[in-house]
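So for the sequence shown, this note's numbering puts the first residue at 18; every next one is plus one.
For each residue, glycine too, the CB sits at the ideal point set by N, CA and C.
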Amino acid sequence: MHGDLTTSNFILTSEHLFVIDFGLANRTEKPDDHAVDLRLFKEILNSAHANVMEKSWKNFISGYKKSVGPKYCKKILELVSVIESRGRYATVV
């Protein structure tokens with residue numbers, strides 16, 4: 018897991034997307050940790066890039082699904098929904 022998955026930690030070229038700054042990264046197989054990372058990214062998209070949030074989130078999840086597989090992606094997105102349902106988190110579209 019990255020630990021600080023924000024748009025500031027991505028570099029986009031004409032051909033590739035690079036993830037940088039792994040200072041808070043941690044090797045984990047816990048689905049909850051992966052869901053927290055994705056929830057943070059979704060929140061950042063909504064607050065800093067609201068005008069492209071929906072399309073960006075959809076594209077990100079499409080790539081994420083290709084990387085981790087559809088079954089694991091579905092599990093993580095379900096956990097993201099659980100996190101969003103907790104009282105202290107505002108639901109992001």
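Proximity below 8 angstroms, CB of residue i to CB of residue j
i, j, result
"E101", "R56", "yes"
"V97", "K72", "no"
"T24", "I61", "yes"
Cα-Cα separation, residue i to residue j
i, j, result
"K47", "L94", "14 angstroms"
"N63", "R103", "18 angstroms"
"L22", "D50", "12 angstroms"
"I37", "K75", "21 angstroms"
Reduced DSSP category for residue i - H, G, I as helix; E, B as strand; rest coil
i, result
"I37", "coil"
"L62", "helix"
"L22", "coil"
Cβ neighbour criterion (16 or more within 10 Å) applied to residue i
i, result
"A52", "buried"
Other residues of its chain near residue i: CB distance less than 7 angstroms, five sequence neighbours each side excluded
i, result
"H66", "T24, S73"
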